[in-house]
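Novice:
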Amino acid sequence: MQIARTVEEFRALRASVPALGVVPTMGFLHEGHLSLVRRAKAECGAAAATIFVNPTQFAANEDFSTYPRSLERDLELLRAEGCDFVFAPDRVEAMYPPGFDIRIAVGGVTTMLEGAVRPGHFDGVATVVAKLLNITQPTRAYFGQKDAQQCVVVRKLVRDLNMPTEIVVCPTVREADGLAMSSRNAYLAPAERQAATILIRALRAAEALFQAGEREADALRQAMRAVLAGEPMAVVEYVSAAHPESLAELERIGAAGALLSLAARIGKTRLIDNLVLPPAG
Ligand SMILES: Nc1ncnc2c1ncn2[C@@H]1O[C@H](COP(=O)(O)OP(=O)(O)OP(=O)(O)O)[C@@H](O)[C@H]1O
Ligand SMILES: CC(C)(CO)[C@@H](O)C(=O)[O-]
Ligand code: BAL
């Protein structure tokens, strides 16, 4: 596995393979990230991961400075997966040199859900993903369904800017008790870790209602809220039953299916999760 610490170093590595699958990450890797690397390697022949905790997607009150970091361990895990290349910029200035003055605002799909709670977050994500895709020039880039709105934003970014990379969205990898794997789970104290399963339990309650024939979106949102209310440690930020592409809140679940999603704080830790209700037929 070869490690590039600068854009120039990565470009030299990129030129050595015909096709490349790229997995953008912020590091502190877990099985969710590794599942993406495995798929990139299987589908493209060569795989690369990027590791960069991007300051521009964190608001001033968020956890940029405390975000967990573990480069040596991450590199070991990637090596064990047969990852070919890693782009891990050695300083923030490698991505944002003096005079850097561009922000990409993707528009409509960034205003709700995560975008409403984290203003400016998706400008930071879209800008850094555009840079990472330009730097790594992937045949395909792999993202996790856990960050569902991010997937919608990235697909739109690539489509609207005619970027020649195919975006692949991969299933959310979960712990045995259903908790979606996330680097931020490391913040949870043992009692909080237990309480955190309330997110997937709320989503599954709404999914079960849907499977039993319920099509009123309000009933599904209510079902999620009711389950979340049973966990005193959970402070709910939003629950949503939205159109899977426009992310607009639905009145009824129609032929397109729906994205059920939610965000809650457990103590100081902010967690998100979602489930997709499939399209009809
Ligand atoms: N449980 C998971 N299953 C599948 N993919 C995941 C999972 N968790 C994260 N990913 C994906 O890995 C990529 C990098 O995510 P990131 O480094 O932010 O990790 P994270 O665990 O989501 O961290 P955070 O705690 O910041 O949400 C993203 O495309 C993300 O959707
Ligand atoms: C896509 C990403 C690597 C951009 O910083 C980040 O938002 C993430 O890890 O999901
Ligand atoms: N996994 C999405 C990155 C973030 O929360 O900033």
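Last residue of the sequence shown: 1684 (my numbering), numbering continuous. Note that CB positions come from ideal geometry on N, CA and C, so glycine has one too.
1. So what does DSSP say about residue 1540, is it helix, strand or coil?
2. Under a criterion of Cβ closer than 6 angstroms to any non-hydrogen atom of ligand 2, which residues qualify, in chain order?
3. For residue 1468, is the beta carbon positioned less than 6 angstroms from some heavy atom of ligand 1?
4. Secondary structure at residue 1344, three-state DSSP: helix, strand or coil?
5. Less than 8 angstroms between the CB atoms is what I'm expecting for residue 1477 and residue 1432, so what's the real figure, rounded?
6. What residues in its chain sit with their C-beta under 6 angstroms from that of residue 1420, if we drop five residues either side in the sequence?
7. Taking 6 angstroms as the cut-off, is the C-beta of residue 1524 nearer than that to any heavy atom in ligand 1?
8. Look at residue 1601 and residue 1634 and say whether their C-beta atoms are less than 7 angstroms apart.
9. If you count every other CB in all the chains shown that lies within 10 Å of the CB of residue 1539, and 16 or more means buried, which is it?
10. How far does the beta strand (DSSP E) with residue 1572 in it reach, from first residue to last?
11. Would you say the stretch 1520-1531 touches the stretch 1574-1583, given that touching needs at least three Cβ pairs under 8 angstroms?
12. Which complete beta strand (DSSP E) runs does the stretch 1568-1631 hold, if anything under 3 residues is left out?
13. Within 10 Å of its beta-carbon, does residue 1407 have 16 or more other beta-carbons around it, so buried, or fewer, so exposed?
14. From this set, 1521, 1410, 1480 and 1568, which residue's C-alpha is nearest residue 1666's C-alpha?
15. With distances taken from CA atoms, which of 1596, 1597 and 1623 is nearest residue 1608?
16. Give the secondary structure of residue 1686 by DSSP, where H, G and I count as helix, E and B as strand, and everything else as coil.
17. I need the straight-line Cα distance from residue 1603 to residue 1418, nearest angstrom please.
18. Please state the DSSP three-state secondary structure of residue 1415.
19. Less than 6 angstroms between C-beta atoms, sequence neighbours within five positions excluded: which residues of the same chain meet that for residue 1668?
20. On the CB-based measure, 16 or more other CB atoms within 10 Å of its CB, does residue 1517 come out buried or exposed?
21. Which class does residue 1511 belong to by DSSP, given the choice of helix, strand or coil?
22. Using alpha carbons as the reference points, say which of 1645, 1625 and 1649 lies closest to residue 1661.
Specialist: In this structure, then:
1. Counting from one through the sequence shown, the residue named residue 1540 turns up at place 137. Three-state result, residue 1540: coil.
2. 1427, 1428, 1429, 1457, 1460, 1528, 1531, 1532, 1550 and 1553
3. By one-based count along the sequence shown, residue 1468 stands at place 65. Outside the cutoff, so no.
4. Absent from the structure is residue 1344, since the part of the chain shown begins at 1404 and ends at 1684.
5. The residue given as residue 1477 occupies position 74 in the sequence shown. The residue given as residue 1432 occupies position 29 in the sequence shown. Confirmed, Cβ separation roughly 5 angstroms.
6. The residue you call residue 1420 lines up with position 17 of the sequence shown. 1449.
7. On the sequence shown, residue 1524 is found 121 positions in, with the first residue counted as 1. Residue 1524 Cβ: outside cutoff for every heavy atom of ligand 1.
8. Here residue 1601 refers to the residue found at position 198 when the sequence shown is read from its first residue. Here residue 1634 refers to the residue found at position 231 when the sequence shown is read from its first residue. Yes; because the gap between Cβ atoms is below 7 angstroms, this pair is in contact.
9. For the purposes of this step, residue 1539 is identified with residue 136 of the sequence shown, where counting begins at 1. Buried, by the Cβ-count rule.
10. Locating residue 1572 in the sequence shown gives position 169, counting from the first residue. Where residue 1572 is concerned, the enclosing beta strand (DSSP E) stretches over 1569-1573.
11. no
12. 1569-1573
13. Locating residue 1407 in the sequence shown gives position 4, where the first residue counts as 1. Buried, because 16 or more other Cβ atoms sit within 10 Å of the Cβ of residue 1407.
14. What you label residue 1666 is simply residue 263 of the sequence shown in a count that begins at 1. Nearest C-alpha to residue 1666: 1521.
15. Along the sequence shown, one-based indexing puts residue 1608 at 205. It is 1623 whose Cα lies nearest to the Cα of residue 1608.
16. Coverage of the chain is limited to positions 1404 through 1684, which leaves residue 1686 absent and any answer about it impossible.
17. Translated into positions along the sequence shown, residue 1603 becomes position 200. Translated into positions along the sequence shown, residue 1418 becomes position 15. About 42 angstroms.
18. Residue 1415 sits at position 12 when you count from the first residue of the sequence shown. It is helical.
19. Residue 1668 sits at position 265 when you count from the first residue of the sequence shown. 1638.
20. Residue mapping note: residue 1517 aligns to position 114 of the sequence shown, counting from 1. Burial call: buried.
21. The sequence position of residue 1511 within the sequence shown is 108, counting from 1. Looking at residue 1511 - three-state DSSP - the assignment turns out to be helix.
22. Counting from one through the sequence shown, the residue named residue 1661 turns up at place 258. If we check each option's Cα against that of residue 1661, 1645 comes out closest.
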